[in-house]
Structures are given as structure tokens and as C-alpha cells.
Amino acid sequence: MIRRTVLEWNMLPYGKGKAEIPPDIVDGLMTVADASDIPDVLRYERHGLRAGSVVGIIVALGVELEILPKIESLEQHGTQASDSIRSRLVHMLAVVLDMTVDGGDLAHMGTQDETLLEVVIRLFVRRLCEAVRRGLPRRYVEQADDLPALRGRLDAIRQFSVLAVSPQKLACRYDVLGCDTPLNQIMKAVVGRLLQLARATDNQKRLRELACIYADVSPVPVAALRWDAVTVDRTTARWTTLIELAHRLLHKPYQTTSNGATQGFSLLFDMNVLFEKYIAYWLRVALEGTGLHVVVQGGGDYALYTPPDNRGVFLTIPDILIKCDDKIVQIIDTKWKRLARQKNDPRQGVKQADIYQMMAYGRIYDCPHLMLLYPHHAGLGGDLVRNLHHIARHAGPDVLEIATVNLSDNNAGLLHRLRQLCDVA
Numbered sequence: 001m002i003r004r005t006v007l008e009w010n011m012l013p014y015g016k017g018k019a020e021i022p023p024d025i026v027d028g029l030m031t032v033a034d035a036s037d038i039p040d041v042l043r044y045e046r047h048g049l050r051a052g053s054v055v056g057i058i059v060a061l062g063v064e065l066e067i068l069p070k071i072e073s074l075e076q077h078g079t080q081a082s083d084s085i086r087s088r089l090v091h092m093l094a095v096v097l098d099m100t101v102d103g104g105d106l107a108h109m110g111t112q113d114e115t116l117l118e119v120v121i122r123l124f125v126r127r128l129c130e131a132v133r134r135g136l137p138r139r140y141v142e143q144a145d146d147l148p149a150l151r152g153r154l155d156a157i158r159q160f161s162v163l164a165v166s167p168q169k170l171a172c173r174y175d176v177l178g179c180d181t182p183l184n185q186i187m188k189a190v191v192g193r194l195l196q197l198a199r200a201t202d203n204q205k206r207l208r209e210l211a212c213i214y215a216d217v218s219p220v221p222v223a224a225l226r227w228d229a230v231t232v233d234r235t236t237a238r239w240t241t242l243i244e245l246a247h248r249l250l251h252k253p254y255q256t257t258s259n260g261a262t263q264g265f266s267l268l269f270d271m272n273v274l275f276e277k278y279i280a281y282w283l284r285v286a287l288e289g290t291g292l293h294v295v296v297q298g299g300g301d302y303a304l305y306t307p308p309d310n311r312g313v314f315l316t317i318p319d320i321l322i323k324c325d326d327k328i329v330q331i332i333d334t335k336w337k338r339l340a341r342q343k344n345d346p347r348q349g350v351k352q353a354d355i356y357q358m359m360a361y362g363r364i365y366d367c368p369h370l371m372l373l374y375p376h377h378a379g380l381g382g383d384l385v386r387n388l389h390h391i392a393r394h395a396g397p398d399v400l401e402i403a404t405v406n407l408s409d410n411n412a413g414l415l416h417r418l419r420q421l422c423d424v425a
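Under my numbering, residues 1 to 425 are what the sequence shown spells out, in order.
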């Protein structure tokens, strides 16, 4: 198995070296990548294969490609930087997917065989083991059978038609409490998929144990799984996160063999979405007890209203709204981009369209405090960025801030920074 790592937006050159991708396996990777719902995961270039603004894993026949977020430069810091970035990404995924990460999960991060895929498998398997210890979810499933004694209720139509000449049998319809449910069928399918992908010994062992636990559950092809039949109630609430991740792990496998064996797999995340959800999660934690609360992807007001019926056009959905009661006191848009130093570029690499968009948000939602929030990186120096700009006039009441957060900081440091940015520290 050929394993390669590349940073988002970077190019992996063609070739036979350890930091290159053999040209004869590129088509397999591209086919799997193109099957993803995220556009432009990879693209051909003259001298290599370039990654887009996504992170995750792509597995094709004989090759595994890991795409990591572009925070630091692998060229400058080597494999230690790669391990550090991978650890940060795992923490971000764990927060967004509601998966607990401890030291044991990252203990093998620097080993040769440990990849992002193995870490994600380990997180999922541990969460699934915790869930099944409380017992597999069960529900009543309707059964129909011809029995010598009545069980449940009589199926009169079948009794007086099909069984009219067999009065010794009764057409029964009854409910049986069992574990052969759509939810368990989905989890069994995930376990089977991960058994094909896992290479770490501890992952393989736990997956085999889980396969035994699900032995009485009917195997169902991935395409036939009944996702719409899965109901989450108070008895199955602990499965919500597992269902979400299971959907990602089973979604659109690429198949090439005549018997349907999976020859490709991808688990990909849009970094713009991941960064937004990660910041929103920690903002909620940071603002607890302050009287402020966070609304993600809220708003919903239109930029323009057309008479005479005042029909709205150009819907606006800011990333994050900070509210005090019902009043919006701050609007934050997260940007997964590399900010430039102000002394090198007065605009700091901020797009003009982003500025105009934030000014529109301020007008539409009557909010004087706007912020564009970026990830900090080594090229900006050691001090976090928080630059204040007055909108339209000198010393006006409306301000737009350009700020950064350090994703490598510990939880306490990140919470303190977010409180500072919301002026509640």
C-alpha cells in the first residue's frame, strides 16, 4: 500500500519517490475523489496532483492519500509538523463530531503505520463499543407466520384465502422484540467496511469483536440500507453521533469489480465548514453564563425587498451571530484562509468581496460589531491578530475587526481568546 500525505491546496508531484505519487495510480485516486459530494477535491496538473480546500482520506486500489489542513509548512518542519497538524485536525473532528479524544487515541500518531484514517476508525470504534455495552437498540418488528396456535392477531384475508384448505394452521401477525433493526443493520455495515480498511492491530481486534456482537443482525447491502427508517428517541439518543459518522463512512463507495467489492473509499471534510463548526462550538462554551448566546447559520433576512409585494431576494446567512436576548450584538464570519502580515499587505490578503459582505450584514441586521476570523499561522508571528477598522468614516460607531485564533492552543487558551474577541474576558 502506497501512502502519501499532502497539505490542502498543495501539489503532490508525479514520480516514484517517497514524496511523489506514481502516475499509474493517479486515475484511481481521481475516480474516488470525483465520487465525493465535495467538488474539486483533487485536480490534475502538468507536474502533479493538486488538493483543494478539503481534508481527510482517499483510499483507492493500492494507495492511500491523506490531505491535511494547511496551517504550517511541511517543507519547513518535516514530519513533526505533519504529526502536529494531524493531531490538531483530529481534535477538530472530535469536537465537531462529538467524539472524545484522549492520549491513548493519539499515542500511535507518530508511528509509521498510523494515519488519519486509523485515528478516525479508532474514535468511531471506541464510541460504538461504549454504546453497545449498554445493549443493542431493540424494537418491535412485525412478523407474519402460519402457526398451529394463534399468536398476536389473525390475518383474516390470508386465513380464508391461502389457508382455506389448511384449517390446522392459523395466519398470524405478531410483533417480536428484536435487534434486527435498520439502525443495527447500518452499524453492522460500517463494521464490515472498516474491517476492510483498518490496519492497526487494536482497531482490527475491536472490529472483530463488534462483528461478533452484530452476528444476529441481517447483513444488508450499503445501497439498500434504510436510513429513513432510523428513528432517534430518548432510548437511542446516544447513537446520534454514530449515525452521522456512519453516514460519512458508508457514503458513496466507489466500486469497480464485477462482484461489487469496494475498491475505493473517501472520508472528506470541507475545511471552511469544519473551521466554522469548531469555532461555533467553543464560542458556545466560552459564552456560557455571560448572557450572550450563539446562533450558527442564522439570520435568514433578505438583502433586497421588491415592491409591491415586498418579495425578498438575495438571502443572507451569516456564519455566527452573537445575541443578547433577541438583539444581535456581533456578527462573526469564519474564513479558512491564510491571512497576510499587515506590514506586507495593508489589506492582509482579505478579499474585497468579504468586506462588502460584512458591511451588508451590518446594515441588514443593524449590528455595529463585525468580525472576520481567521486561523493563526507562523507567518503572522507570535502575536495573535486583532485589527480594528472603522466602517465608512473615521471613528464611526460601526467597526469591522480582522482577527485570528491559534488552533494549536489548549482549550483554556482558546476559550480565553474567544472571550476576548467577544469583549467578555
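All C-beta atoms in this analysis are idealised placements derived from N, C-alpha and C, irrespective of residue type, glycine included. No experiment lies behind these values; they were computed from the predicted model shown.
| query | result |
| --- | --- |
| Kindly provide the ranges of any beta strand (DSSP E) runs that are 3 or more residues long and lie completely inside the stretch 201-274, ordered along the chain. | 262-270 |
| Could you give the residue range of the alpha helix (DSSP H) that holds R417? | 411-421 |
| Touch check for the stretch 12-22 and the stretch 31-50: three-plus C-beta pairs under 8 angstroms? | yes |
| Would you report the Cα separation of T290 and G299, rounded to the nearest angstrom? | 21 angstroms |
| Are the CB atoms of H369 and Q420 within a distance shorter than 8 angstroms? | no |
| Does the contact criterion of 3 or more C-beta pairs under 8 angstroms hold for the stretch 221-230 versus the stretch 174-192? | yes |
| Under 7 angstroms Cβ to Cβ from V95, same chain only, skipping five residues before and after it: list those, please. | Y278, Y281 |
| For V6, which residues does DSSP report across the bridge? | I67 |
| Measure the alpha-carbon distance for T256 versus K188 and round it to whole angstroms. | With a pLDDT of 39 at T256, under the threshold of 50, the predicted position of this residue should be treated as unreliable, though the coordinate-derived value follows. About 22 angstroms. |
| Applying the 10 Å Cβ sphere with the 16-neighbour rule, what's the burial state of E118? | buried |
| Assuming D131 and W9 are in contact, meaning their beta carbons sit under 8 angstroms apart, how far apart are those beta carbons, in whole angstroms? | The displayed chain sequence assigns Ala, not Asp, to residue 131. At roughly 37 angstroms, the Cβ-Cβ gap does not stay under 8 angstroms, so A131 and W9 are not in contact. |
| I'd like the span of the beta strand (DSSP E) that includes D387, first residue to last. | Residue identity differs from the one stated: residue 387 is Asn in this sequence, not Asp. Residues 386-390. |
| Go to I402, then tell me how far its alpha helix (DSSP H) extends in each direction, as first and last residue. | Element bounds for I402: not the alpha helix (DSSP H) but the beta strand (DSSP E), 399-405. |
| Taking the CB atoms as reference points, tell me whether L267 and L250 lie closer together than 8 angstroms. | no |
| For P375, write down the residues that DSSP places opposite it in a beta bridge. | V405 |
| Starting from T323, trace the beta strand (DSSP E) in both directions and tell me its first and last residue. | Per the sequence presented here, residue 323 reads as Lys, with Thr not at that position. Taken as a continuous stretch (DSSP letters only), the beta strand (DSSP E) holding K323 covers 320-324. |
| Which whole-angstrom value describes the C-beta separation of Y214 and D175, a residue pair presumed to lie in contact below a C-beta threshold of 8 angstroms? | That belief does not hold up - the Cβ atoms of Y214 and D175 are roughly 22 angstroms apart, past 8 angstroms. |
| Alpha carbon to alpha carbon, how far is G178 from Q196? | 28 angstroms |
| How many Å lie between V125 and V32 at the Cα? | 24 angstroms |
| Does DSSP classify F124 as helix, strand or coil? | helix |
| Take K337 as the anchor and find which of K323, L65, P69, Y44 has the nearest alpha-carbon. | P69 |
| Grab me the residues of R284's own chain with a C-beta within less than 6 angstroms of its C-beta, minus the 5 sequence neighbours each way, in chain order. | V294 |
| Residue range of the beta strand (DSSP E) that D366 falls in? | Counting along the chain, D366 falls outside any beta strand (DSSP E), and DSSP gives it neither H nor E. |
| Name, in chain order, the residues that DSSP records as bridge partners for M92. | Note: M92 sits in no beta bridge, so no partner. |
| Is DSSP giving R173 helix, strand or coil here? | strand |
| Check whether the stretch 404-422 touches the stretch 375-391, taking contact to mean three or more Cβ pairs, one atom from each stretch, closer than 8 angstroms. | yes |
| Where does L183 sit, in a helix, a strand or coil, going by DSSP? | helix |
| Kindly identify the DSSP beta-bridge partner or partners of Y44. | L49 |
| When the Cα atoms are used, what is the spatial distance from A19 to A395? | 52 angstroms |
| Run the CB neighbour count on Y361, radius 10 Å, all protein chains shown included, and call it buried at 16 or more, exposed below. | buried |
| Thinking just about the alpha-carbon of each residue, which of L304, K323, I322, L321 is nearest to the one in F447? | The structure shown has nothing for residue 447, since the chain only spans 1 to 425. |
| Taking 8 angstroms as the cut-off, decide whether the C-beta atoms of L170 and D146 are in contact. | yes |
| So which of S36, L292, G28, V59 has the shortest CA-CA distance to T5? | V59 |
| Kindly identify the DSSP beta-bridge partner or partners of I331. | L321, L370 |
| Whole-angstrom Cβ separation of I332 and I322, contact assumed at under 8 angstroms? | 7 angstroms |
| Kindly identify the DSSP beta-bridge partner or partners of H293. | K323 |
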